[in-house]
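This report concerns only the one structure given below.
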Amino acid sequence: MAFSSQICEWYHQHKRDLPWRNTKHAYPIWLSEVMLQQTRVKQALPYFTKFLKRFPKVCDLAHAKEDEVLKMWQGLGYYSRGRNLHKAAQKICFELHGEFPNSFEGLKKLPGIGEYTASAIASFAYQTPLAVVDGNVYRVLARYLGISTPINSPEGEKIFKEKANELLNKKLPDLHNQAIMEFGALHCTPKKPKCLFCPLQESCVAFQLNKVNQLPVKLKKTKVKNLYQHYFIFETESQKTLLNHRNFEGIWKNLYVFPVLEYFNKPRLEEVKTDFENKFDLRVKMERFEKKPKQHLLSHRKIQAYFWQVKLSSKEFDRIQKENNYQLTNFHKVKEFAVPVLIQNFIDAFLSGN
DNA sequence: AACGCGGGGGC
DNA sequence: GCCCCAGCGTT
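The number in this note's numbering is simply the position in the first sequence, starting from 1, with 225 added.
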């Protein structure tokens with residue numbers, strides 16, 4: 226219990242005032258936890274506020290269109306979280322009479338809720354004595370206990386989960402869980418942890434062995450692949466353009482982009498033009514907005530995006546829209562659709578005249 | 001057991 | 001440039 230009381234004491238003195246800590250209701254806790262998956266507090270905070278204002282209750286979220294949920298999620302990334310959030314809200318509202326499951330197992334059945342999030346909601350909302358194990362906890366425990374088992378190996382997962390539950394203060398699981406995560410986020414940080422004035426210094430194995438900067442151990446990193454995208458901004462004289470709803474598996478599922486050709490190997494310009502002509506059965510003058518591609522980095526892709534301006538007669542425009550089932554829209558209404566940040570950046574520049 | 005999935009920020 | 005972030009779902 227020494228560990229927990231020390232962590233909780235530290236938490237009492239250093240914790241940030243975050244809105245989802247001022248409630249015991251499952252709905253806002255769940256919303257915050259999903260947004261915080263692989264996402265920093267600073268980035269998630271404005272989304273949390275915006276969502277709660279627009280969807281005060283879970284059934285408000287359930288009754289919304291997925292398009293609107295994704296539009297509100299725009300810029301937060303990992304859009305499957307937004308889609309699953311919406312699906313889970315519908316389950317809770319329409320199948321569970323608006324009541325959240327009150328057990329770990331019940332919570333974990335909901336889409337988008339895994340081991341971590343189920344533990345978090347169960348402990349924060351219902352004081353269930355379950356330890357959360359997130360990136361912060363892996364790091365704190367790896368150092369404090371001097372465990373060099375890779376945190377993302379099956380054995381590591383098992384060991385750290387066991388240790389986390391051994392150290393858990395089962396009388397105050399919510400406080401303990403908040404405390405250890407906040408400690409990892411603010412004090413026992415990945416780079417430059419504040420060991421020199423750490424309350425756990427004497428009992429921290431990694432500090433005693435001077436191995437803090439070697440822990441935690443993490444296996445591999447998935448290689449980043451290049452992705453070359455050529456977007457086509459179709460224009461008519463009446464300010465219309467076409468959007469493609471990405472209603473298939475993969476990057477940006479269910480978001481909207483301009484009609485696009487994608488390549489894993491850099492195509493020659495002639496190749497792009499030929500592919501364009503074949504895809505749309507169309508031979509027109511096309512011009513790139515800029516010679517240099519816009520680079521956009523994802524965790525697993527390095528995207529080079531080219532944007533082409535394609536002016537069409539209303540007849541051809543109409544044909545292409547129908548043949549490809551594209552979304553027809555006025556250019557200044559593109560901002561009403563959920564689009565990736567890459568596309569939003571282009572639109573912003575385009576509309577401001579660059 | 002490994003990979004796909006976004007975007008931002010620290011160093 | 002590399003790593004990490006209150007991970008999850010699929011294969």
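The C-beta atom is built at its ideal place from N, Cα and C for all residues, glycine as well.
- Between the region 419-436 and the region 466-477 there are fewer than three C-beta pairs closer than 8 Å, too few to call the two in contact.
- Taking 7 Å as the cut-off, the Cβ atoms of Y456 and F483 count as close.
- Inclusion of Y363 and F385 in the CB contact set at 7 Å is warranted, their separation being smaller than that value.
- By the criterion of a C-beta distance shorter than 8 Å, E324 is surrounded in its chain by I317, once the five residues flanking it on both sides are discounted.
- According to the DSSP secondary-structure assignment, M511 is paired through a beta bridge with V535.
- Unbroken beta strand (DSSP E) stretches of 3 residues or longer found wholly inside the region 420-472: 450-460, 465-470, given in chain order.
- Comparing alpha carbon positions, the residue from A314, E320, H322, G360 closest to I338 is A314.
- Note on geometry: alpha-carbon atoms of K275 and Q299 lie some 12 Å from one another.
- In this structure, Q534 is the residue among S524, Q534, E340 with its C-alpha nearest to the C-alpha of K516.
- With respect to the 7 Å criterion, L286 and A563 are not classified as neighbours on the basis of their beta carbons.
- Secondary structure of I372 (DSSP, three-state): coil.
- By the CB criterion at 7 Å, Y531 and R513 fall inside the cutoff.
- With distances taken between CA atoms, N394 lies nearest to Q352 out of G360, M260, Q352.
- Taking all protein chains in view, the Cβ of P271 is surrounded by fewer than 16 other Cβ atoms within 10 Å, so the residue is classified as exposed.
- Here F422 is exposed. Its C-beta has fewer than 16 other C-beta atoms within 10 Å.
- Residue nearest to T554 within the set A404, L486, H470 is H470 (criterion: CA-CA distance).
- Looking only at N490, Y551, F556, the smallest Cα-Cα distance to Q529 is reached by N490.
- In the DSSP secondary-structure assignment, K527 is bridged to N451, L522.
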